[in-house]
Structures are given as structure tokens and as C-alpha cells.
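Q: Before I ask anything, let me first share the structure, which is written out below as C-alpha cells.
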Amino acid sequence: MRFPEFKGDWKAAQLGEIGEIVTGSTPPTNDESYYGGEHLFVSPADIQTNRYVNNSKTTLTLKGFRKGRKVKKGSSLFVCIGSTIGKVAQASEDCVTNQQINSIVSLEHNADFVFSLLEFSSKKIKLLSAEQAVPIINKTTFSNFQINIPSLSEQAKIASFLSIIDERIQTQNKIIEGLGVIKSEIIKKIFSQNLRFKVDNQDDFSVWKKRKLGDIAVKKSSNISANSLEENQGEYKVYGASGLLKLIDFYKEIEPYIAIVKDGAGVGKLFLCEKKSSVLGTLDIIKNKEMSDLKFLYYLLSTLDFSKFTTGSTIPHIYFKDYSNEIIGLPTHEEQLKIANFFSLIDSKIDIETQFLNKLEEQKKFLLQQMFV
Numbered sequence: 050m051r052f053p054e055f056k057g058d059w060k061a062a063q064l065g066e067i068g069e070i071v072t073g074s075t076p077p078t079n080d081e082s083y084y085g086g087e088h089l090f091v092s093p094a095d096i097q098t099n100r101y102v103n104n105s106k107t108t109l110t111l112k113g114f115r116k117g118r119k120v121k122k123g124s125s126l127f128v129c130i131g132s133t134i135g136k137v138a139q140a141s142e143d144c145v146t147n148q149q150i151n152s153i154v155s156l157e158h159n160a161d162f163v164f165s166l167l168e169f170s171s172k173k174i175k176l177l178s179a180e181q182a183v184p185i186i187n188k189t190t191f192s193n194f195q196i197n198i199p200s201l202s203e204q205a206k207i208a209s210f211l212s213i214i215d216e217r218i219q220t221q222n223k224i225i226e227g228l229g230v231i232k233s234e235i236i237k238k239i240f241s242q243n244l245r246f247k248v249d250n251q252d253d254f255s256v257w258k259k260r261k262l263g264d265i266a267v268k269k270s271s272n273i274s275a276n277s278l279e280e281n282q283g284e285y286k287v288y289g290a291s292g293l294l295k296l297i298d299f300y301k302e303i304e305p306y307i308a309i310v311k312d313g314a315g316v317g318k319l320f321l322c323e324k325k326s327s328v329l330g331t332l333d334i335i336k337n338k339e340m341s342d343l344k345f346l347y348y349l350l351s352t353l354d355f356s357k358f359t360t361g362s363t364i365p366h367i368y369f370k371d372y373s374n375e376i377i378g379l380p381t382h383e384e385q386l387k388i389a390n391f392f393s394l395i396d397s398k399i400d401i402e403t404q405f406l407n408k409l410e411e412q413k414k415f416l417l418q419q420m421f422v
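This note's numbering puts the sequence shown at residues 50 to 422.
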């Protein structure tokens with residue numbers, strides 16, 4: 050796929066020839082005067098689904114910013130070390146990055162085109178990482194990576210076209226984030242009882258009763274390991290700590306249920322799981338008792354602070370026997386259904402917007418494959 054006004058072959062080059070490669074640096078962490086200012090200090094954790102890095106968890110003062118290696122606005126950022134190797138973003142302003150990121154600061158080429166080129170090439174560059182405990186692509190290997198590049202005018206045309214797609218993706222991300230914020234705010238109001246539903250005849254529902262979580266929920270364990278499923282293929286879902294793991298040829302749970310991560314970094318993460326599915330042993334299965342609705346219980350659990358029940362310094366862990374003693378408010382079953390149905394509608398809207406986002410990202414991926422050589 051090519052714009053009709055352009056002819057001729059693209060020029061072969063190396064990444065190091067289209068801009069200065071800047072490997073990030075970290076100002077001394079034992080000096081507080083370097084940190085907590087208004088300048089971005091970008092790490093891989095700050096590179097998410099959006100194209101542009103607008104915020105960073107850690108920031109630098111002017112002193113810290115001058116101490117680091119400056120990366121110009123518009124430069125492309127590429128994670129070269131660690132589990133997230135291959136992630137790509139673009140600097141929305143002048144910034145400093147840590148050592149896990151190589152940046153391409155280009156003065157003679159279109160910065161937006163360079164970002165799209167790097168995004169297109171990211172999987173191939175990732176394959177260059179050394180096979181060791183911590184994957185890494187050194188600066189020389191990164192700089193020597195072979196690419197093809199068109200004239201400046203064609204770069205500008207391609208960059209402008211792809212930027213339209215990226216802007217739509219960014220807008221879609223904001224829509225999803227906004228719905229998530231609205232949901233979180235309403236959940237807080239409803240479960241603090243500052244916002245209440247009414248009976249269909251507009252009467253007030255009765256006062257919520259105080260109960261222990263264990264009075265309305267029951268826990269069940271799983272003994273399924275990921276290793277035992279390597280060769281297994283089928284039609285039934287099995288969930289892990291990151292969500293859907295794969296499809297297998299059996300299921301353990303007949304009815305829908307809640308899964309909660311009980312071990313590791315994702316402790317307390319919740320999933321509302323479909324019927325005829327299973328979970329790995331790193332998750333517990335939570336089911337509702339007769340006095341509670343499953344979906345209501347799921348939204349109720351999302352309001353709990355599981356960090357206060359976490360034990361273990363190396364591998365965090367939570368136990369049902371601990372958080373089941375949490376005192377919660379329990380409305381009537383009719384009000385539970387109204388609450389659950391309301392939030393289900395919001396979740397359905399989020400799912401629809403997420404599906405549209407996925408389609409946009411697939412469209413962009415297709416365009417990158419067709420437009421770059």
C-alpha cells in the first residue's frame with residue numbers, strides 16, 4: 050500500500066543513521082533534590098497503550114533533569130531491557146528516561162514517521178534480545194538494526210495518515226478510562242450508601258444489614274497447574290492471574306462464579322467468570338450464598354482493600370479466612386439485583402468500547418504491515 054504520488058525504492062539504513070540513539074540514565078536516587086519536580090522521568094511502567102507519554106510515576110526537578118540525558122519532545126522511546134522489552138512510545142515533551150529505554154532523537158527525519166517505523170519493527174527488534182534471565186538489547190545492536198526509509202515528503206504523508214488512526218485510538222482510550230472513573234465513583238457512593246436505589250413504587254429500600262463477608266460468600270480452591278495444560282486444547286475457558294489463559298477440553302465449574310488472585314503480584318484481582326470454566330490453583334473460587342446475588346457480590350468485593358489482608362514478604366498471599374471476617378453492608382435481594390444490573394450495564398458499555406478499540410488497533414496493525422517495507 051502506497052500513496053500514488055510516490056515512486057522508487059525506499060533507502061536501506063540503520064536505526065543509528067536516522068537519529069541519535071540515547072540510552073537513558075538515572076540521577077542518583079540518594080539525593081532527594083533530584084526528584085519530585087515537574088519534569089518527566091520515564092520508565093517502562095509509564096509506557097502504556099497510548100502513543101504519547103504524558104505522565105510519569107517518578108518526576109525530576111530541574112536539577113535532576115539537567116543531570117540526566119535529555120530526550121527531545123517527539124522522540125521515539127523503545128524499551129530494551131526486561132519483561133516489557135519491545136514496548137514503544139513517543140515523548141510528549143522533553144524528558145529523561147531510565148536505562149531500560151533507548152530513544153531515537155531525530156533531527157533530519159520526520160519524528161512521527163520514526164515512531165511508526167519503530168512500532169512496525171518492534172517485534173523484529175525484540176527478537177535480537179539475548180537469551181538470558183533478563184532479556185536485553187544493547188545500544189550497538191539496537192543502532193545497527195536494518196530498516197528501510199522513504200523520502201522526507203513520503204515520511205510526512207505516512208506519518209500524517211497514521212497519526213489520524215492514533216488520535217482515534219487515543220480518544221477511544223480516554224472514553225474507556227472515563228467510563229472506568231465514572232464506575233469507580235458510583236461504586237463508592239452506592240456501597241457507602243450515599244446513593245441509593247428505590248423500590249419500583251419509589252419507596253425507600255430497607256436499611257442495609259451488617260454482615261460478615263463469610264455470611265454471604267463461600268470459597269473453593271483449585272488444583273489446576275498451568276504446566277498440566279500445555280498440550281490441552283478445547284472449547285472451555287480457564288482463567289489465570291492475568292485473565293483468560295486459554296481454551297481447554299474440560300471444565301470444573303458448572304455455574305458462573307468469581308475468581309480472585311490469591312498469590313503473587315496481582316493479589317486481590319477479581320474476575321467474573323463464565324459457567325463451564327475453570328481457574329488455575331493461584332486463584333480462589335468465590336461463590337455466593339443464598340442471601341446474596343453473585344454479581345452484587347462481585348461488585349462488593351471490588352470495593353474491599355485486600356492489601357490489609359496480605360501476608361508474605363517474598364510472595365504476597367491472601368486467605369479467605371482473613372478477609373471473610375470483613376464487615377459489609379447487605380441490602381435486600383431486590384436492591385442487590387438493581388445494583389448488579391446497573392453496574393452490568395456500565396460494564397457492557399465498557400466492553401463494547403473496548404471491542405471497538407481492539408478493532409482500531411487491528412486496523413492500525415494491518416496498515417503498518419501494508420505501508421512499511
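All C-beta atoms, glycine included, are put in the ideal place defined by N, C-alpha and C.
#1: Do residue 63 and residue 193 have their CB atoms nearer than 8 Å?
#2: Would you call the region 335-343 and the region 230-249 in contact, with 3 or more CB pairs under 8 Å?
#3: For a quick check, are the C-beta atoms of residue 286 and residue 321 less than 8 Å apart?
#4: Mind checking residue 314: buried by the 16 CB within 10 Å criterion, or exposed?
#5: If distances are taken between C-alpha atoms only, which option among 403, 412, 419 comes closest to residue 221?
#6: Within 10 Å of its beta-carbon, does residue 382 have 16 or more other beta-carbons around it, so buried, or fewer, so exposed?
#7: Consult DSSP for residue 416 and reduce its assignment to one of helix, strand or coil.
#8: With burial defined as no fewer than 16 other Cβ atoms inside 10 Å of the residue's Cβ, what is the status of residue 215: buried or exposed?
#9: By the DSSP assignment, the alpha helix (DSSP H) with residue 372 in it spans what residues?
#10: When the Cα atoms are used, what is the spatial distance from residue 85 to residue 118?
#11: Determine the contact status of residue 174 and residue 162, defining contact as a CB-CB distance below 8 Å.
#12: Could you pull the DSSP bridge partners for residue 292 from this structure?
#13: Out of 152, 77, 203, which one is the CA nearest neighbour of residue 50?
#14: Inspect the beta-carbon positions of residue 303 and residue 268 and report whether they are closer than 8 Å.
#15: How long is the line joining the alpha carbons of residue 377 and residue 240, rounded to whole angstroms?
#16: Of all the alpha helix (DSSP H) runs that stay within the bounds of the region 148-197, which reach a length of 4 or more residues?
#17: I'd like the list of long-range same chain contacts for residue 102, defined as Cβ closer than 8 Å, with 5 residues on each side in sequence excluded.
#18: Under DSSP, the beta strand (DSSP E) around residue 222 begins and ends at which residues?
#19: Which stretch, first to last residue, makes up the beta strand (DSSP E) that contains residue 335?
#20: On the DSSP letters alone, give me the boundaries of the alpha helix (DSSP H) that residue 115 sits inside.
#21: Determine which residues share a DSSP beta bridge with residue 126 and list them.
#22: Can you grab the Cα-Cα spacing for the pair residue 419 / residue 172, in whole Å?
#23: Can you name the start and end residues of the alpha helix (DSSP H) that residue 321 belongs to?
#24: Nearest to residue 317 by CA position, among 397, 359, 153, is which residue?
#25: Compare the C-alpha of residue 416 against each of 107, 213, 186 and name the closest.
#26: Put residue 244 into one of helix, strand or coil per three-state DSSP.
#27: Are the CB atoms of residue 124 and residue 160 within a distance shorter than 8 Å?
#28: Drop a sphere of 10 angstroms on the beta-carbon of residue 166, count the other beta-carbons inside from all chains shown, and report buried for 16 or more, exposed for fewer.
#29: Buried or exposed: which applies to residue 363, given that a residue is buried once 16 or more other Cβ atoms fall within 10 Å of its Cβ?
#30: What are the start and end residues of the alpha helix (DSSP H) that includes residue 89?
#31: Tell me, to the nearest whole angstrom, how far the beta carbon of residue 30 is from that of residue 197; I am working on the premise that it is less than 8 Å.
A: Let me spell this out:
#1: Contact flag set, yes.
#2: These segments do not touch.
#3: Cβ atoms of residue 286 and residue 321: not closer than 8 Å.
#4: Counting the other Cβ atoms within 10 Å of the Cβ of residue 314 gives fewer than 16, which makes it exposed.
#5: Taking the Cα of residue 221 as reference, the smallest distance to any Cα among 403, 412, 419 is reached at 403.
#6: Around the beta-carbon of residue 382, fewer than 16 other beta-carbon atoms lie within 10 Å, marking it exposed.
#7: Note: residue 416 maps to helix in three-state DSSP.
#8: A residue is called buried once 16 or more other Cβ atoms fall within 10 Å of its Cβ, and residue 215 is buried on that count.
#9: Bounds of the alpha helix (DSSP H) holding residue 372 are 369-372.
#10: If you draw a straight line from the Cα of residue 85 to the Cα of residue 118, it comes to about 17 Å.
#11: Remark: C-beta atoms of residue 174 and residue 162 do not approach each other more closely than 8 Å.
#12: Residue 292 pairs with 289.
#13: Measuring from the Cα of residue 50, the nearest candidate turns out to be 203.
#14: By the CB criterion at 8 Å, residue 303 and residue 268 fall outside the cutoff.
#15: Taking the straight line joining both Cα atoms gives about 9 Å.
#16: Listed in chain order, the complete alpha helix (DSSP H) runs (minimum 4 residues) inside the region 148-197 are 160-175, 188-192.
#17: Contacts found: 89, 91, 95, 96, 126, 138, 139, 140, 141, 144.
#18: No beta strand (DSSP E) holds residue 222; the alpha helix (DSSP H) holding it covers 201-240.
#19: Counted as a single uninterrupted DSSP element, the beta strand (DSSP E) harbouring residue 335 occupies residues 332-337.
#20: That run of the alpha helix (DSSP H) goes 111-116.
#21: Per DSSP, 138, 152.
#22: C-alpha separation (whole angstroms): 16 Å.
#23: Looking at the DSSP string, residue 321 is not in any alpha helix (DSSP H); the run it does join, the beta strand (DSSP E), is 319-322.
#24: If you compare the alpha carbons of 397, 359, 153 with that of residue 317, the shortest gap goes to 359.
#25: Checked all of 107, 213, 186; the closest Cα to residue 416 is 213.
#26: DSSP places residue 244 in coil when its eight states are reduced to three.
#27: Against a cut-off of 8 Å, the Cβ pair of residue 124 and residue 160 comes out as a contact.
#28: By the Cβ neighbour-count rule, residue 166 is buried, with 16 or more other Cβ atoms within 10 Å of its own.
#29: With fewer than 16 other Cβ atoms within 10 Å, it is exposed.
#30: Residue range 84-91 is occupied by the beta strand (DSSP E) that includes residue 89, with no alpha helix (DSSP H) assigned at that position.
#31: In the structure displayed, the chain extends from 50 to 422; residue 30 sits before or after that span and is not available.
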